[in-house]
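Using the working numbering, the first residue of the sequence shown is number 445, and each one after it goes up by one.
Don't be surprised by glycine CBs; every beta carbon is placed ideally from N, CA and C.
Remarks on the structure that follows.
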Amino acid sequence: MRSEDNYDDLFPTLDDDQRILLLLFATKDEIWSNKFIQAVCAEAKREIDSLIGYLKENKDRVDYKFYRKGGYPVGSGGIESSNKTICHVRLKRSGAWWYVEKANQMLALRCAKYNGTFQKLFLSIWTKFRHG
C-alpha cells in the first residue's frame with residue numbers, strides 16, 4: 445500500500461471516531477477494494493470484513509453523497525433527539541411506569557402531536573368512541 449493510500453499515515457492525529465467519519469466519506473472504490481484500511485491483527489481483519497460486508501449489503505442505503513445532494517439528512521442526531529423528545533420525556537419521568545399497551549398508545553398520541561396528525565387521530569378515536 446502506498447503511503448498516500450494509508451489514511452493513518454496521512455492523518456496520524458485522528459482518533460477512532462474521526463477515522464470512522466473519514467471511512468464514511470471514503471470513495472466506494474476504496475471501500476469495496478479494501479484499499480482504505482489495513483488490519484493490524486486477526487480481530488481487526490474480522491471487524492473490517494464485517495464492516496465491508498455490511499456496507500456492500502446496504503450500499504443503496506449508505507450512498508451518502510446522493511442523499512446529501514438531495515438535501516436529505518444523513519446523521520442520526522435528528523432521530524435521536526426526536527426519540528428523546530417524544531418518548532423519554534413522557535415515558536421515563538421519575539416514578540413513572542407503564543403497561544406496554546398503554547405506553548404504545550401514549551407514544552401514538554405523542555407522535556401524532558409532533559408530526560401534525562393529532563387532530564386527525566383524535567377525530568378518529570372520538571368517532572369510534574361515540575359510535576361504539
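Alpha-carbon spacing of residue i relative to residue j, whole angstroms
| i | j | result |
| --- | --- | --- |
| residue 551 | residue 516 | 25 Å |
| residue 572 | residue 564 | 13 Å |
| residue 569 | residue 503 | 41 Å |
| residue 513 | residue 562 | 32 Å |
| residue 486 | residue 495 | 14 Å |
| residue 488 | residue 538 | 42 Å |
| residue 510 | residue 566 | 38 Å |
| residue 518 | residue 548 | 27 Å |
| residue 522 | residue 491 | 28 Å |
Element boundaries [alpha helix (DSSP H), containing residue i]
| i | result |
| --- | --- |
| residue 571 | 562-574 |
| residue 509 | 508-513 |
| residue 521 | 521-527 |
| residue 559 | 544-559 |
Presumed contact (8 Å Cβ cut-off) between residue i and residue j, rounded CB distance
| i | j | result |
| --- | --- | --- |
| residue 625 | residue 553 | Residue 625 falls outside the range modelled here, since the chain spans only 445 to 576, and no answer is possible. |
Checklist entry - How about the segment 541-560 and the segment 517-533: do they share at least three Cβ pairs that are nearer than 8 Å? => result yes
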